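Q: Here you go, one structure.
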Amino acid sequence: SQLASKGFLTPRDLVTLNSGEPLTELGFAQDDADAILTAAESDFSAGYCAALESGTGMDSIDVGFDEGPLKLKFKGIAAAVENTDIILVAGFDSEGGTGPAEASGKIAALDCLAAVNGKPLAGMS
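Quick look at the structure:
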């Protein structure tokens, strides 16, 4: 398929996209690109929530950084669990060099952010 030929094999491969634009560049109509991206986010969310509930496949790490920009790109996805969102790392901003988050090797694309400065994000608005 057009998606597979460009490395988009699973929902995980699509979920970090911030828009359907890369898919329109492959020849998909904008409505189709948006539908594909929405389906990928839904599938990712369902898998994430299932893993969270079962306690399998989820590792937790604490990472600390000094002041300054982390050079991370985040994306919010509505979770399969009501009134919950998933904040995931969509990638890194490497303009001007690698940032501390990427350089640490502890954070990767698709990692989910659970807390900031020790405060859980769950239930925040």
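Residue numbers (my numbering): 1200 to 1324.
Even glycine gets a Cβ: it sits at the ideal position worked out from N, Cα and C.
These numbers were taken from a predicted model, which means no experiment stands behind them.
#1: Rounded to the nearest angstrom, how far is the Cβ of Ile1286 from that of Phe1273, given a contact under 8 Å?
#2: Applying the 10 Å Cβ sphere with the 16-neighbour rule, what's the burial state of Ile1260?
#3: Which of the three DSSP states, helix, strand or coil, is assigned to Phe1243?
#4: Between which two residues does the alpha helix (DSSP H) containing Leu1222 stretch?
#5: Tell me which residue opens and which closes the beta strand (DSSP E) that Ala1308 is part of.
#6: Report all residues from its chain with a CB closer than 7 Å to the CB of Gly1206; omit the five preceding and five following residues, and keep chain order.
#7: Any C-beta of chain D sitting closer than 9 Å to the C-beta of Gly1304?
#8: Could you please give the first and the last residue of the uninterrupted alpha helix (DSSP H) stretch that includes Leu1202?
#9: Is it a yes or a no for the stretch 1232-1244 touching the stretch 1208-1222, going by three-plus beta-carbon pairs under 8 Å?
#10: Hey, could you find the ends of the alpha helix (DSSP H) Asp1212 is sitting in?
#11: How long is the line joining the alpha carbons of Ala1232 and Val1315, rounded to whole angstroms?
#12: Going by DSSP, what residue range makes up the beta strand (DSSP E) through Ala1289?
A: Taking the definition as stated:
#1: Here residue 1286 corresponds to residue number 87 of the sequence shown, with the count starting at 1. Here residue 1273 corresponds to residue number 74 of the sequence shown, with the count starting at 1. Contact between Ile1286 and Phe1273 holds: their C-beta atoms lie close to 6 Å from each other, under 8 Å.
#2: For the purposes of this step, residue 1260 is taken as the residue at position 61 of the sequence shown. When all chains shown are included, Ile1260 counts as exposed.
#3: Indexing the sequence shown from 1 puts residue 1243 at position 44. Correct three-state label for Phe1243: helix.
#4: For the purposes of this step, residue 1222 is taken as residue 23 along the sequence shown, with counting starting at 1. Per DSSP, the unbroken alpha helix (DSSP H) holding Leu1222 starts and ends at Glu1220 to Thr1223.
#5: Mapped onto the sequence shown, residue 1308 falls at position 109. Segment: none, Ala1308 is in no beta strand (DSSP E) and carries neither H nor E.
#6: If you number the sequence shown from 1, residue 1206 lands on position 7. Same-chain partners within the cutoff: Asp1212.
#7: Absent from the structure is chain D; it holds one protein chain and no more.
#8: Position 3 of the sequence shown, counted from the start, is the residue given in the question as residue 1202. Per DSSP, Leu1202 belongs to the alpha helix (DSSP H) from Gln1201 to Ser1204.
#9: yes
#10: The residue labelled residue 1212 in the question sits at position 13 within the sequence shown. Taken as a continuous stretch (DSSP letters only), the alpha helix (DSSP H) holding Asp1212 covers Pro1210 to Leu1213.
#11: By 1-based counting over the sequence shown, the position of residue 1232 is 33. By 1-based counting over the sequence shown, the position of residue 1315 is 116. Approximately 33 Å, taken between the alpha carbons.
#12: If you number the sequence shown from 1, residue 1289 lands on position 90. Run containing Ala1289: Asp1284 to Phe1291, per the beta strand (DSSP E) assignment.
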